[in-house]
Amino acid sequence: MSKLVGAVAVAGGGVAGIQSAIDLANSGLKVYLIESSTSIGGKMAQLDKTFPTLDCSMCTLSPKLAEVSRHPNIELLTYSEITSIEGKAGDFKVKVKRKATYVNPKNCTACGLCVSKCPVKVPDEYNEGGNNRKAIYLAFPQAVPRVYTIDAEKCLYLTKGKCGNCAKSCENDAINYEDKGEEIEINVGSVILSTGFEPFDATQLEQYRLDHPDVVTSMQFERQLSSSGPFEGHVTLSDGTHPKKIAWIQCIGSRSPEIGRRNCSSVCCMYATKEAMVAMEHDSELETTIFNIDVRAFGKGFEEFYQKAKNEKGVRFINSRPSGVEVDPNTNKLSLKYELEDGNGIRQEEFDMVVLSIGLTPSKSSKQLVNIAGVEMDDLGFVKTRIDRPVETTRPGIFVSGTMQAPKDIPDTVADASGAASKASSLLSSERGSLVTEKQYPTEKDVGDEVRTGVIVCRCGINIGNVVDVPNVVEYAKDLNGVAFVKEEVYACSSDSLVGIADMVKEHNLNRVVVASCTPRTHEPMFRETLMEAGLNPYMFELANIREHCSWVHQNEKEKATRKARDTVRMSVSRANLLQPLYKQKVEFNNSGLVIGGGIAGMNAALDIADKGFHVTLIEKKPELGGLLNTYTKLQDGRSTNEVLEPLIARVESHDNITVLIDAELVELEGSIGNFTAHVKGDGVDEEIQCGVAIIATGADELMPEGYFSYGKYPNIVTQSKLEHMIDKGMDAKNVVFIQCAGGRNDERPYCSRACCTVAMKNAIRLKEDNPKRNIYMLYRDIRTFGRWEDLYTHARELGVVFMRYTEDKEPQVDEKSIKMFDQLLNMNFDINYDLLVLSAPMVAPDTNETLAPLFKVPLDSNKFFLEAHIKLRPVEFATEGVFLCGTAQAPKLVDEAVSQASAAASRACTILSSDFLETIGNISVVDSELCIGCGRCTMVCPYKAPELQEVVVETEEITYTTKKCEINPTVCKGCGSCAAECPTGAITSRHFTTPQIMAVIKAYGEGL
Amino acid sequence: MKTSPRNTIYQTNVYKTGSDDIWNCLTCNLCYDECPQGVDYPEFVKEERDGNVESADLVHKGVFTLLSDMMVDLDKSRTSLEEAGNKDSKVGYYPGCLDFQDMFFNVDADFSSIANSSMKLLDRMDLDPKRLQMKCCGHDQLWQGDRTTFDKLKEQNTKLIKESGIETLVTSCAECYRTLSQDYDLPIKVVHISQLLKDADLGIDSNVDVTYHDACRLGRHMGEYDAPRDSLTKAGANVTEMAHTKEKAWCCGVSSMMNCNDKSKALRKTRLDEAKKTGAKVMVTTCPKCLAHLTCMKNELESVEDYDFEIKDLTVFLADEMEGKKDE
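Residue numbers (the working numbering), protein chains in the order written: chain A, 5 to 1013; chain B, -10 to 317.
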């Protein structure tokens, strides 16, 4: 093969780009993460909470931002855009234009002095214009990189040559008005496109009156809800009061062929529901109404979330789309006109605020990038892919992920991102490690017995220095026990100060360092690295936060703030004096994989692992590969399932790195990440397999809907999979009725099965195309052809399929020849004669999940599907390390989603397999066996399943007995200390937070009382 | 090396090298009871520990001790079970630190129910009691080697007791009982609730098979073996004795919130095995610490042995039986 370059360019620094970058960097490839705005984070950084768990969006995202910022293999190119991509798969030359920021990132410490002096106010994009920022700004407080940018279009100096305040106020000489930006060329083996979406611009729909200050977009409302937003989380009207009645209008810029936006945007129904619920949490008196066409709650946990909103929280869902917002010319009040659900006319209702649920549209910059990359777009404006290759563009070596490919929510985006990373990494697997270098540090010096602690007290420009009396704190610190040297810095974090810290350690022979400055969240990793450069163990470091905890919160009480700073420094020194060096352990492991389940997900996962050069065993309990897809005959893009399955099976079976065991099941599993022993048994198979990672891809089954709609009672009632074979054989049924949600979205199975609407639409179209004279009636509760599959729904309607809406409380009654149904929209009863009744039955979790879950120590959700580690950001992982999941084992889904997840799971798994050894963290928790009484509480609180109880025989002076005792697996432990806190006997020590260390801090606090 | 009190005394008092064994001792008084010379080794241990509490191996990271320590400095601080009953009563009931145990133990035992049950039983005996809200009695501090804190708690509690106007102080906890009657100098009568219950007619005929676990503070420390047994028999329960009983009874291993480890677990294990052998449905005890630590082992997550009997405080057992009668 021709030249391969072990680097990847990832375009777009949203959650997709971030995930791809982390996966690739962790697999030993060099990553250039290119983002056009000033910070990575994307749209997710603007969200308040995420559905359906109502987790804080920023809280889950910001650790990923931090991970990117300090990853040695990731080079972050923000405020930059790709201008050309030349070359071919394995060897691309990518030109990147870096825009001028006018701030030298090496000197800027993000102290913010310049901001207070900047006189220019600009609507804040991060808050969707809800308040103002300055012309020199940080996009948002958690922005990465933490470097200010001057808005060249607004800056007085750059536009008019006046002001220059920022340069004058900067104490670190970081402002450079002469910055011209630059164009650089990077050489990469692959490119991933993930520049995301643009919220639909609703100003073009004048009838929705976005010009009225109390009509807001859902993004603006999201910022209103956020405590970091313009109103600190209090939803506020233009007159300063708080609304009592809010309406959401769905499908603004989606499902609107009249304006060329045909597709469904996939996420709006859920975010509107979320926004309504969160707003009601803020104000329990609030009335909320969501006007919708269908409520598309199709993802995992969504239907349950929707039902909770509707039935428990009292969010009103009205199945009607107002054609505009009316503004009373006299009172300026907002009202909506809508059709009543019982078909009895039209009502006009007043609301205090109207939120427009704007859709996801391909961004202008994405369209540009698509042209630059030379990849094809589909007719909706998204990057063209195939169902069985959802992250591959039409140009080899260039991959796509996230909302650039189709509108989708965060977990699907994250899965795509890992999937795209997997493809890039497979292509470049031979080049892993070729462009990344491991940093070398000097040999660590012996700490010795004498405590010699150095203290640096930082002024943070005026951030700390103007409030806290820093020289006073410095003098105070000199007399503290164990302190050998104290010094003051203007910016402890500036690059010259860091060198100074390293010199100070050497010169004064220090063995512990306390920096009194800001938060460890952003700065601890950097200071720890400085210690390593000075030959000290990184754990000999302690941060005292005298900015957030002192100068910022007590800025009007300077004396008290100083006293608190002295207290904080005293407490930190007391702990630092007790710190001990901690070391990571390297553990050997088995770098092969195990995939359970030979469906489309399992096969793709196995191939993606095998393509990276690792051995993988694929086990399938049935006698043939193919899984659930074997029971269907066509895909919704018109191709036959065989066209996809046959080559895939052939590749799996012939791949040198894959061992396939069919008719086989996993019966026993021992060990943990890196070293699993799996016992596989079956027809002619009885093997023990050693592997380092495992992927659960056990799929789902189509429910045989016994007891629903007379299924099993009359012969002419079939499920969708049966229908597909009937169509293939040719059938003459004249009147065909579909009933959706047959056995789903009920008390027994409260979830939505996601795929059935699309499958039913595909089959209805086939039947109509087969014989246009056929009468087809589709009885549904909500049509959930999300994303691009909305086109199928439109097409079915165009072909004359009759859609009739039923409700759960008035289900259709099925007799042998006819169906009685009540159409909720027309408020009428119908009798429909049928020749064939097709039931859309949900996918259900196989019974084997319940035996498999405990083997892997992984949880199932309430519907018996496997429960991932985090529903948003870790969709293909378990909390148990080294175990992954993909496909319908996680929840019902379509083929492209299962394939994307399969690659994602493989990507995540290969970040482990591609290392030379497993590395524990330094501050793991350890057990003192003599103190352990085997109560097992640690095993209940550990989120990672690191402690395990092992049987031991205890011999005391007179009694010998058998009991269990805890052992903590060092490769699994994350050092969170939950077990140490829970342990009743003090047997467990969290090594960086020992009881003596914590007690010393408490005592040091007490000394100041 | 095998634990030897003699050895420890030698090392401490003769060779002056000190011995860790003063911290390993459970102060259960078993050796004192056996010693032909009447050497009060636990008392020796208590004196040796004084002033060295930092060396003590406290369970639950010393949180109970920390709470009581803070009570000394915070004048108005009291245990959280509020004053109840007849405020002019001459009979006071002191629940001790049951509320702390509810806060920090997670062993499937309801400690406050001991206080509620005690009040119900005292009511049934027409004693018209008042529930006192005081500070921690200081038992643990005294035995952990912090006499200074103990003395302060003692002083503050003594004042509270005097102000309360009661003439009899009833405790349900063996440790409180020992401490308030032996280590305090109270001008009033201190009794353990079993000493009242043994003669009381609660109108119960329970007929439940039980066994009684002697708490070291009530048994060997205070010599009260019969009252709890008599209370049970009087209520119609059938008491079967364990292999080690009364003077010879084995300890739960965690008196004074110290030494919860695999050695003391051996004692609990033996104790539960003995209780199992009696065939009793309920193992009754009179000390919340015995209750906590025996229950902890009985309910451990992946128990090697199954123990399918209940463990209850004497007062809870009797009050439950009494209320069960009422229900019928």
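Each residue gets a CB set at the ideal place from its N, CA and C atoms; glycine is no exception.
Ranked by how close their Cα comes to the Cα of G51/B, the residues K266/B, S253/B, V243/B, G313/B have V243/B in first place. In the three-state DSSP reduction, N(-4)/B falls in the helix class (H, G or I). Listed along chain B are D251, K252, A255, each with a C-beta nearer than 8 Å to that of T960/A. Here the C-alpha atom of T915/A lies approximately 51 Å from the C-alpha atom of D10/B. Taking 8 Å as the upper bound on Cβ-Cβ separation, chain B lies near residues T943, M944, L953, E955, V958 of the stretch 943 to 959 of chain A. In this structure the stretch 158 to 168 of chain A does not touch the stretch 45 to 54 of chain A; the number of beta carbon pairs closer than 8 Å is below three. Taking the Cα positions, D135/B is about 11 Å away from S44/B.
By alpha-carbon distance to P411/A, the top candidate from C983/A, R266/A, T87/A, I937/A is R266/A. Collapsing the DSSP output to three states places E164/B in a helix. About 6 Å separates the beta carbon of L670/A from that of I623/A, a gap short enough to meet the 8 Å contact definition.
Neighbours of C980/A in chain B, taken as residues whose beta carbon is under 7 Å from its own, are absent, since the nearest beta carbon is some 17 Å off. Of S676/A, C970/A, G32/A, the smallest CA-CA separation from E442/A is found for G32/A. Residue E546/A holds the alpha-carbon nearest to the alpha-carbon of Q1001/A among E546/A, P816/A, T245/A. The C-alpha of A520/A lies about 14 Å from the C-alpha of T526/A. Of all alpha-carbon atoms in A902/A, E934/A, N867/A, I992/A, the one lying nearest the alpha-carbon of C946/A is that of I992/A. Under a 10 Å Cβ-count criterion, I1006/A is classified as exposed, with fewer than 16 other Cβ atoms of the shown protein chains found around its own Cβ. In the DSSP secondary-structure assignment, T157/B is bridged to V80/B, K178/B. In this structure T82/A is in contact with G17/A, their Cβ atoms being roughly 7 Å apart against a cut-off of 8 Å.
Contact between the stretch 99 to 110 of chain B and the stretch 46 to 63 of chain B is absent, with fewer than three C-beta pairs closer than 8 Å. Under the 9 Å criterion on CB atoms, S994/A is classed as non-interfacial with respect to chain B. Using a Cβ distance threshold of 9 Å, G678/A and E592/A count as a contacting pair. Non-local beta-carbon contacts of L830/A in its own chain, meaning distances under 7 Å to residues more than five positions away in sequence, involve G347 in chain order.
Note on geometry: alpha-carbon atoms of E236/B and R113/B lie some 31 Å from one another. Residues N541, G926 of the same chain have their beta carbon placed closer than 8 Å to that of Y587/A, with the five preceding and five following residues left out of the count. Interface annotation, V42/B: not in contact with chain A, CB-CB separation never under 9 Å. Annotation: Cβ neighbours of V48/B in chain A (cutoff 8 Å, chain order): P988, T989, G990. Taken through DSSP and simplified to helix, strand or coil, T277/A comes out as helix. Bounds of the beta strand (DSSP E) holding S339/A are 338 to 343. Burial is judged here by how many other beta carbons sit within 10 angstroms of a residue's own beta carbon; S288/A has fewer than 16 and is exposed.
Separation of the CB atoms of V656/A and F742/A is rounded to 34 Å, and the pair is thereby denied contact status at 8 Å. Y275/A is classed as buried because its beta carbon has at least 16 other beta carbons within 10 Å across all chains shown. Distance from the CA atom of C279/B to the CA atom of A204/B, rounded to whole angstroms, is 7 Å. Going by beta carbons, N608/A and S907/A fall inside the 9 Å limit. In this structure, Y797/A lies near M765/A, with their beta-carbon atoms less than 9 Å apart.
Of A269/B, D88/B, A226/B, the smallest CA-CA separation from C125/B is found for D88/B.
Y212/A carries a helical assignment under DSSP once its states are collapsed to helix, strand and coil.
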